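> To convert, take the position in the sequence shown, counting from 1, and add 652; that gives my numbering.
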Amino acid sequence: MLESTEMDIVKIGHKITLGVYSKPLSRYHKVLNYRDGNRVVSLCAKSISPGPHRIILNLDDMDEIESFSLSETELILDGKVCLVYLDHHIYKQPQTLPAVSGLSKKGLIIEQLNLLLGLEWGSLLMIINGEFKDLSLLDKELKKSLLKGLASLWRGDQQSFVSSIKGRGPGSTPSGDDFLLGYLIALSWLIEAWGEDLHSQRELVYQTALGENPITNTYLAQAYNYELDKTWADYLNSLAVNKINRIEDDYQKLADLGHTSGEDMLSGFWVGFLWNWSDVYGAYILEEYGIKKDL
């Protein structure tokens with residue numbers, strides 16, 4: 653049985669609609685997902701990163717919780733446990749740092765790609781690159797979709813690129829959707845931190861990627877609006893200013909998300925960044941890793 657003395661609020665997302673959430677859309681050991689219109693609100697254990705649509709509690713799991721309600725000052729769990737929250741409990745995304753370029757940035761990029769290509773179980777980047785040979789039938793089909801999508805991207809057809817990958821693969825958020833989520837985050841980061849004019853590309857990718865999965869749609873909206881979970885915001889800020897002493901830890905926190913979601917998002921992020929980056933060095937790196945782009 654829940655006891656109010658056992659818990660506290662860590663963070664509450666600023667995008668959550670006030671009201672009653674009576675039945676989970678999906679239930680996991682550390683996360684309960686609820687519908688909030690065409691978006692999803694997540695009630696999470698303390699190990700989950702804070703974000704715009706998440707409530708983080710100081711609990712190890714969500715096994716004993718069924719419902720909650722949220723007012724302007726209180727979070728009530730299962731109609732019994734009342735937790736008061738204040739302004740400091742509201743999640744605020746870390747400020748976006750402007751990107752610093754140069755040779756150190758290029759070395760950092762190579763290091764991040766090598767991490768993704770060195771995974772024992774195979775990232776989507778490894779599947780694209782052909783480095784991971786032991787593919788299941790499902791992964792072989794996913795690879796076909798990825799390569800078809802990248803061929804469309806090479807022709808300048810971003811809409812067909814997204815359509816080829818959207819919804820492909822396993823998971824509550826399919827691997828293809830995670831890849832596109834990372835790609836969209838890269839577009840937003842290039843706009844926000846690098847000053848690149850990619851607004852029309854971002855709009856096209858976002859509108860094409862939207863579908864019937866409310867969890868995916870929530871994350872896509874966050875990426876489009878550059879409203880990031882803390883793990884992504886920390887990682888991008890470390891990349892922006894070449895924080896060598898922090899980047900490995902920030903990368904690992906992202907890579908550990910879900911079963912393969914973290915690696916899938918990171919794969920899409922780096923393809924999206926290098927493809928859309930105005931520096932021609934990005935094209936050279938892509939070709940080195942098996943993805944050709946005309947200069």
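The beta carbon of each residue, even a glycine, is placed where N, CA and C say it ideally should be. Note that this is a predicted model, so its numbers are computed, not measured.
Identify the residues that DSSP records as bridge partners of N685: which are they?
S678, S694
> My understanding is that A892 touches V752, with C-beta atoms under 8 Å, so please give their C-beta distance in whole angstroms.
7 Å
> Pull up the distance between the alpha-carbon of S797 and that of D660, whole angstroms please.
In this structure, the CA atom of S797 is about 44 Å from the CA atom of D660.
> Taking DSSP as the reference, what is the three-state secondary structure of L711?
Three-state result, L711: coil.
> Using the rule of at least 16 other Cβ atoms within 10 Å of the residue's Cβ for burial, across every protein chain shown, is P704 buried or exposed?
buried
> With three or more beta-carbon pairs closer than 8 Å as the criterion, would you say the region 856-869 touches the region 681-691?
yes
> For Y737, name the three-state secondary structure that DSSP assigns.
Here Y737 carries a coil assignment [DSSP, helix/strand/coil].
> May I ask you to report which of helix, strand or coil DSSP gives G671?
strand
> Determine the direct distance from the alpha carbon of S919 to that of I742, and round the result to whole angstroms.
30 Å
> Is L947 helix, strand or coil by DSSP?
For L947, the predicted structure reports a pLDDT of 40, less than 50, and the residue's modelled location is therefore unreliable. A value from the coordinates is still provided. In the structure shown, L947 sits in coil (DSSP, three-state: anything other than H, G, I, E or B).
> Which one of I707, E724, T725 has the shortest CA to CA distance from I717?
I707
> Can you give the Cα-Cα distance for D791 and C734, rounded to whole angstroms?
46 Å
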